[in-house]
Every structure is written in structure tokens, then in C-alpha cells.
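The structure under discussion appears below in the form of C-alpha cells.
In this note's numbering, the protein residues as written are 11 to 124.
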């Protein structure tokens, strides 16, 4: 439902932008498409639904028999299950802190392999 809401909000924002800047678009933005009766959709688990314990990602109780092994110790943000043609793809999204860059002191090292 969150993705559906996001699609509709994006549609209305693009309609507003299209009315002001028509040169950016090839045509009027279209309504979000509905899935077929047997259509598959993206399944998203947030860090409130899943837990990361002892190298495994644990899913909610309805998916209790499934665990996903991981070796990353960063903070879990989302797990997405994406339907593809005849299989599913699992995307695990982590939050990793940025390392600060060192100040440039003007000293450099290089190696001549040749």
C-alpha cells in the first residue's frame, strides 16, 4: 500500500510540473497502472518488521520458516522481495555510516608496475 500511495503522489506531482513545464515531458503523465488479477507485486519489510540476529535476518511470524543469512553488521533498513519472470530477487538495504575523507596534505605515493 505504501508503494501505491507513493505512485499516486508522484503522479499528482508530475501533473503539476507538467502543467508548468511541458517542454520537459513527451506527453501528459498517465495514471499508475493496476496489476492483473494474478499479478505479482513488490513485498517490502522495514527494520520494524525484520530483525537481524547472529548473522541472520528474521522475518515476521507469517514468514517464520524463512531466514536469510548475512555477514554484514550494518544497521538493517529494508528487505525487498522483487518478483521476476520465473524467480524472486531479494534486496537487503543497509545503512552504512560515511567515513570522513582525510585532508589533502600534498603528499602522494605511487607505484610504477611497468
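Here a beta-carbon is modelled for each residue, glycine too, at the ideal position from N, C-alpha and C.
Residue environment: residue 67 is assigned as buried (16 or more neighbouring CB atoms within 10 Å of its CB, all protein chains considered). Distances from the CA of residue 48 to each of 124, 109, 104 and 93 were compared; the closest alpha carbon is that of 93.
Between residue 106 and residue 78, the beta carbon gap of about 18 angstroms keeps them out of contact (Cβ cut-off 8 angstroms). Here residue 123 is exposed: its Cβ has fewer than 16 other Cβ atoms, across all protein chains shown, within 10 Å. In this structure residue 41 is in contact with residue 21, their Cβ atoms being roughly 6 angstroms apart against a cut-off of 8 angstroms. A straight-line Cα-Cα distance of about 32 angstroms links residue 51 and residue 31.
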